[in-house]
Every structure is written in C-alpha cells, then in structure tokens.
Ligand SMILES: [Zn+2]
C-alpha cells in the first residue's frame with residue numbers, strides 16, 4: 034500500500050495493519066474450513082435498505098433473516114425489545130449470526146440504532162460555496178440553503194443567526210484552535226460566506242428537503258486546519274536515482290517519502306481535469322490555504338485519499354476498478370468533502386482522549402495513505418470506528434452525492450461502487466477478512482438510504498454516467514494490478 038523503505042515513519046501503522054491482515058488472509062483455506070466446530074459468529078452492520086418479508090430485511094444485497102432472532106433497540110437509556118415488524122428503512126442494524134449462503138445471513142441477535150430514521154436533523158458543516166440566497170437569509174425571508182449535502186428550506190419563522198462573527202474572535206473559542214493559529218493566518222474569504230461553519234436543525238420533509246427551524250452561521254475553520262501536520266509539504270518531483278516522476282513528502286529539505294506517479298500523462302490530466310471540474314464553486318473561500326491537486330499514484334490497492342491541504346491521491350487500482358465516470362466523480366467529490374470539512378483536523382482535535390489510543394493507527398493511515406472510511410485502508414479498523422467517525426464519512430458521502438447530482442451525474446452508480454467492493458472481496462462465509470469489509474456494506478447501504486430519503490421525487494434517468502474521456506483514460510491506463 035505504500036513504500037515502506039522510503040516512507041518508514043508515515044507508513045508504520047499502516048504496515049502493521051496490513052501485515053496483520055495479510056496474516057489473516059494467508060491462513061490456509063483448509064484450516065479455516067475444518068469441519069467440526071460450528072461456524073464462527075459473524076456480524077453484519079449497515080443501514081436497512083429494504084424489507085423483503087415479515088421476517089427478512091435487506092442491508093444492500095445481503096438478506097438478513099430475523100425469524101427467532103432477539104431484536105433490541107439501542108439508545109442512550111439501554112436496550113429495549115423490538116419486533117421484527119418494526120424494523121424500518123434507514124435503521125442502522127448490527128446483526129450477529131451466521132452466513133447460510135451467498136448474501137444470506139441468519140441472525141441470532143439484532144441491535145438497532147435509530148440511524149437515519151429520525152426525521153429530526155441536527156448537524157454542522159462548513160459551507161462549501163457561497164449561498165445563493167444569502168441576502169434573503171440575512172433579511173429574514175424564505176430562502177433555500179445548500180449545506181452539508183442537504184437542501185435546507187428557511188421560512189420566515191426559521192430562527193437565524195446570520196451575522197458572521199469575526200474570525201479572529203471566534204476561532205479559538207469555537208473550534209478549540211490554538212490561539213497562534215487564528216486571526217493572522219486565517220484563510221477564509223472574509224467578505225464571503227464560503228468556508229464558514231453552519232449549524233442547522235430541522236425536520237426532513239417528504240420531498241427530502243429539510244424544513245429548517247434554526248440556522249447559525251459560525252466562524253471559518255482556522256487556517257491550520259488546511260495544513261499538513263508536522264510542516265509536511267507535498268511536492269511533485271523526480272526520483273533522483275531513477276528519474277521517474279514522484280510525489281514527495283518533504284519537511285524542509287528532508288524527504289520523508291516518495292510515491293510513484295503513474296507515468297501516463299493522459300491519465301493524470303484526465304483525473305486532474307475531472308477533479309477540478311467537481312470543485313464546489315466557493316471552494317475559493319479557503320483557497321489561500323487550500324489548493325486542490327489531484328495525483329494518480331501507481332498502487333494496487335483500491336483507494337483514494339484526501340490530505341488536509343487539498344492534495345488528493347488516487348490509486349491506479351481505483352481507476353481500474355470504477356465502472357464509469359459517475360463512480361469516479363463520486364469518489365473524488367467524497368475526498369474533496371473530507372478536505373473542505375477539515376475531517377483530519379476534527380479527528381485530531383475533537384476525538385475524546387480515551388479514543389485516541391484506539392484510533393491512532395487509523396489516523397496515521399488515513400492521513401497519509403488511506404481513506405478513513407470507504408476503502409482498503411480501513412480494513413481491520415472497523416471495530417474501532419466509533420459514531421463520530423461514521424458521522425464524518427456519512428457527511429463526506431452526503432456531500433459527495435449532492436455534488437455529483439449538481440454536476441449532472443446519475444448518483445445511482447455510487448452505491449454500485451460499494452457493491453463492487455463487497456463482491457470483489459466477498460469470500461465472506463469462509464474468511465474472517467470479510468467481516469472487515471463491512472465498511473463497504475455500511476457505505477453502500479448509507480448511500481442507498483440517503484438517495485431514497487433525500488431524492489424521493491428525483492428521476493435520474495438520462496443523467497450522465499459516463500464520458501468518452503473516461504473511456505479514453507481507461508485505454509491509456511491499460512490493465513492495472515488490483516489487489
Ligand atoms: Zn472517506
């Protein structure tokens with residue numbers, strides 16, 4: 034997944050993770066399939082995407098048979114018994130049981146979280162573009178506001194705090210940023226609203242939009258949130274020995290690591306062009322600190338990553354795995370959202386201390402090589418993924434979906450990409466490795482539910498799924514190694 038020799042510090046955590054996984058994966062089939070002991074209890078976790086019959090529900094393509102299962106609803110007050118008839122679309126389920134066939138899971142216990150069932154919505158996000166109705170919002174009139182991957186409808190009665198606070202005053206107290214990082218280096222365009230934080234609260238309507246009760250405009254993120262940690266810089270360079278094009282991770286004059294750029298110019302240019310075309314109109318609100326650059330890295334794992342400074346790395350294996358431009362546009366939009374929503378910063382600064390120990394491998398891998406949610410880098414980490422991190426991935430997914438829809442793509446292939454990952458790595462009934470792929474099941478089921486809830490009236494037929502440029506890129510890419 035990365036060059037361990039030349040990239041020792043940054044990759045250590047990931048290397049350990051990968052080594053552990055390889056050990057698991059290389060366990061001989063015989064030893065796993067030995068008859069005798071009952072099959073191990075496994076878990077499936079994801080959002081309920083459909084009801085099949087009275088006792089069967091679906092999480093993406095997996096059918097969960099619940100007859101005889103103990104079902105409990107979990108909330109802050111504990112577990113409460115629940116009937117299978119009450120399982121509803123959008124609930125987050127964790128089913129324990131055994132696989133009885135392809136996509137067939139027999140559950141013994143199901144723990145239910147309200148998940149996306151709640152109509153009440155309350156989140157915060159950085160505005161990714163200038164609100165078109167800014168004046169109307171300011172003047173207290175009805176208005177529409179695009180934020181957090183949602184469409185917020187403001188009415189006259191919507192409580193609004195729309196006087197943007199001065200960044201110099203608010204940064205340190207609101208975001209917990211160190212004092213040194215606030216005013217002077219603040220990157221947000223102070224005359225505009227893109228890049229500022231917005232909190233909202235409301236109720237989802239049947240058309241998928243949010244009837245908003247309250248909006249509160251906050252400060253932009255501190256400029257440091259868009260910087261690489263440890264003073265790292267990412268630069269395009271040539272490997273001094275071989276002369277091949279690389280991306281270098283530098284601290285001052287010291288080179289911490291190099292990643293090999295895919296040499297085919299057509300491929301680099303296409304991904305760069307597509308990435309640029311997907312940047313939200315107001316990403317320039319943070320442009321002084323955040324400059325998006327898209328690089329195709331020669332790497333056989335299906336992965337993409339966004340670094341805090343806007344560098345987006347896309348592996349050749351991912352380009353080889355996506356089926357069309359809509360899927361790639363979704364992946365890039367998801368990564369763009371990670372950077373614009375300062376997810377790395379939030380994880381470092383908002384994660385409670387007791388969780389940091391558990392998450393450290395994830396942060397190192399996510400920051401430098403892997404993506405925190407969707408792809409291979411998350412293997413083995415899912416058991417330590419907590420609600421907070423799921424929230425960040427869900428936010429990037431919401432924003433990614435909205436972004437590609439706004440750019441004229443059919444969003445329906447997006448969950449299809451998650452299915453593809455599930456199928457590719459889905460030797461599920463015999464391999465422990467599978468249970469770690471629930472990340473793709475979780476993402477795919479989230480996207481499916483989000484699409485159904487948010488865009489119930491939208492018909493995406495006729496929207497773009499592919500382009501000639503994508504096909505040309507694939508030809509130039511040629512066959513790539515995918516692990
Ligand atoms: Zn992600």
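Numbering (our numbering), first residue to last: 34 to 516. Backbone N, C-alpha and C define an ideal beta-carbon position, used for all residues, glycine too.
Which same chain residues, not among the five before or five after residue i, have their C-beta less than 6 angstroms away from its C-beta?
i: residue 270; result: 279 and 281
i: residue 188; result: 175
i: residue 183; result: 243
i: residue 84; result: 90
i: residue 103; result: 142
i: residue 503; result: 358
i: residue 169; result: 176
i: residue 314; result: 162
i: residue 518; result: Residue 518 is absent from the structure shown; the chain starts at 34 and stops at 516.
i: residue 247; result: 192 and 234
i: residue 112; result: 105
i: residue 346; result: 328, 330 and 338
i: residue 324; result: 343
i: residue 209; result: Below a pLDDT of 50, predicted positions are generally treated as unreliable, and residue 209, at 39, falls in that range; the measurement from the model is reported next regardless. So the list reads 382, once near-sequence residues are dropped.
i: residue 510; result: 300 and 352
i: residue 505; result: none
i: residue 122; result: 81
Who are the Cβ neighbours of residue i in its own chain at under 8 angstroms, not counting the five residues just before and after it?
i: residue 375; result: 159, 254, 258, 259 and 341
i: residue 441; result: 496 and 497
i: residue 249; result: 193, 194, 231, 232 and 233
i: residue 513; result: 333, 349, 350, 352 and 353
i: residue 79; result: 92, 93, 95, 125, 126, 471, 474, 475, 477, 478 and 479
i: residue 455; result: 93, 94, 470, 473, 474 and 477
i: residue 294; result: 269, 277, 278, 279, 280, 301, 328, 329, 330 and 331
i: residue 284; result: 263, 264, 265 and 266
i: residue 181; result: 156, 157, 158, 231, 233, 428, 431 and 432
Give a single yes or no on whether residue i has its beta carbon closer than 7 angstroms to a heavy atom of ligand 1.
i: residue 380; result: no
i: residue 426; result: yes
i: residue 371; result: yes
i: residue 429; result: yes
i: residue 440; result: no
i: residue 367; result: yes
For my contact list, residue i and residue j are in at a C-beta cut-off of 8 angstroms; report their separation, rounded to the angstrom.
i: residue 530; j: residue 149; result: Residue 530 is absent from the model: the chain starts at 34 and stops at 516.
i: residue 330; j: residue 349; result: 7 angstroms
i: residue 327; j: residue 305; result: 5 angstroms
i: residue 273; j: residue 226; result: Rounded, the Cβ-Cβ distance is 45 angstroms, inconsistent with contact.
i: residue 237; j: residue 152; result: 5 angstroms
i: residue 128; j: residue 74; result: Residue 128 to residue 74, Cβ: 10 angstroms. No contact.
i: residue 229; j: residue 252; result: 7 angstroms
Spatial neighbours of residue i within its chain, please: CB distance less than 7 angstroms, with the 5 preceding and 5 following residues excluded, ordered by chain position.
i: residue 88; result: 98, 99, 100 and 117
i: residue 354; result: 335, 453 and 515
i: residue 371; result: 339 and 429
i: residue 443; result: 359, 493, 496, 497 and 498
i: residue 490; result: 240
i: residue 133; result: 139
Are the C-beta atoms of residue i and some chain C residue less than 8 angstroms apart?
i: residue 95; result: No chain C is part of this structure, which consists of one protein chain only.
### Query
Which full runs of the alpha helix (DSSP H) of 4+ residues lie inside the stretch 274-342, going along the chain?
298-311
### Message
For a minimum of 4 consecutive residues, which ranges assigned as the alpha helix (DSSP H) are wholly contained in the stretch 427-514?
### Response
446-457, 465-468, 471-487 and 501-510
### Task
Identify every run of the beta strand (DSSP E) within the stretch 225-280, keeping only runs that are complete inside it and at least 3 residues long; order them along the chain.
229-237, 243-253 and 266-271
### Task
May I have a chain-ordered list of the beta strand (DSSP E) segments no shorter than 3 residues that lie completely inside the stretch 88-113?
89-92, 95-98 and 103-108
### Whole alpha helix (DSSP H) elements within the stretch 122-175, 4-residue minimum
167-172
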